[in-house]
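Novice:
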Amino acid sequence: MINFPVYVQLFGKNIHPHVFFETLAYFVAARIYSVERRKLDNNYEITFIQKISIIYGMIFGAFIFAILISYLQNPIENIYATEKNPLYMLTVGKTIVGGIFGAILGIEITKKIVHVDVSTGDAFVLPIIIGMMIGRLGCFLTGLSDGTVGNPTKSIFGIDFGDGITRHPTQLYEIAFFIVILALYVKFNKEIKKNFPNGFLFKTLIVLYFMFRFVIDYIKPYSKFYFGLNSIQVICLITIVYYGYSIFKAINPKIKR
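Numbering-wise (the working numbering), the sequence shown opens with residue 223 and increments by one.
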């Protein structure tokens, strides 16, 4: 039996798994992005000011929506708590779906402001895949306190996170999902980049991941406050429809041929 949380031993120190793997995920993803960004075959120039503006827009959007979507998981309870303590909103945690949605929104709004009309999203695909796998490992090793475990289950996949109840290890399901996506990326990314415009791979990844999250959240202990859905699922639906239509428009000319 695993004793959660599983601390990482480094230089004689016990490091919390969430802190260690989240930091590692950001570092590795950033390094991969710097390599992928240089590979992009784009015949355009983006000024330094435009780049910095887009980065800040991404960070700001990700921060706001990562907290907001988490806050909206239990809106009545959280609003009541916020009335007592205005800073409570900053303590409710963050969700990666909200972070991704906010980052996309922040980037798109900033690009409009600084007059950048090209897509550079494909450079984020591999960093997201690898970063998510590393980060979710940290979520798994943290155990119950991370808040990402699934509902109780008697299936063979159930894991006891320390309280005697076997639950769906949804973090491991997510890692398995990204392993499959990585295999597909390695096999098909060159062909897709050759036949479709920049941004197609990124939009496809986001749609696939948000479809996965929409389904997997049904076996998570989140309040279904919005007509049987939670706030994460609502954001997933909005993004799937928006990017799904964009993907359809990109594919449609190929089908007609």
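Just so it is clear, CB atoms sit at the ideal spot from N, CA and C, and this is done for glycine as well. Just so we're clear, the structure is a prediction, and the values are computed from it rather than from any experiment.
(1) Flag this pair as yes or no: are the beta carbons of GLY320 and PHE285 separated by less than 7 Å?
(2) If the criterion is Cβ atoms closer than 7 Å, does the pair PHE399 and PHE434 meet it?
(3) Considering VAL319, what are the terminal residues of the alpha helix (DSSP H) in which it resides?
(4) Taking GLY315 as the reference, which of ILE254, PRO349, SER292 has the closest Cα?
(5) Which full runs of the alpha helix (DSSP H) of 4+ residues lie inside the stretch 407–464, going along the chain?
(6) Helix, strand or coil for LEU290? Go by DSSP, reduced to three states.
(7) Am I right that ALA251 and GLY353 are in contact with their C-beta atoms under 8 Å? What's the rounded C-beta distance?
(8) Let me know the secondary structure DSSP gives ASP382 once reduced to three states.
(9) Under 7 Å between the Cβ atoms of PHE432 and THR461?
(10) When you compare only the Cα positions, how much space is there between ASN452 and LEU327?
(11) Using the C-alpha atoms, what's the distance from TYR464 back to PHE233?
(12) Please determine, among ASP382, ASP385, ILE428, the residue with the shortest C-alpha to C-alpha distance to ILE403.
(13) Can you tell me the Cα-Cα spacing of LEU406 and GLU413, whole angstroms?
(14) Are ILE389 and VAL408 closer than 7 Å when you measure CB to CB?
(15) Is LEU430 closer than 7 Å to ASP344 when the C-beta atoms are compared?
Specialist: The structure says:
(1) no
(2) yes
(3) 318–335
(4) SER292
(5) 422–438
(6) helix
(7) 3 Å
(8) strand
(9) yes
(10) 20 Å
(11) 47 Å
(12) ILE428
(13) 11 Å
(14) For the sequence presented, residue 389 should be read as Arg rather than Ile. Not a contact, by the Cβ cut-off of 7 Å.
(15) no
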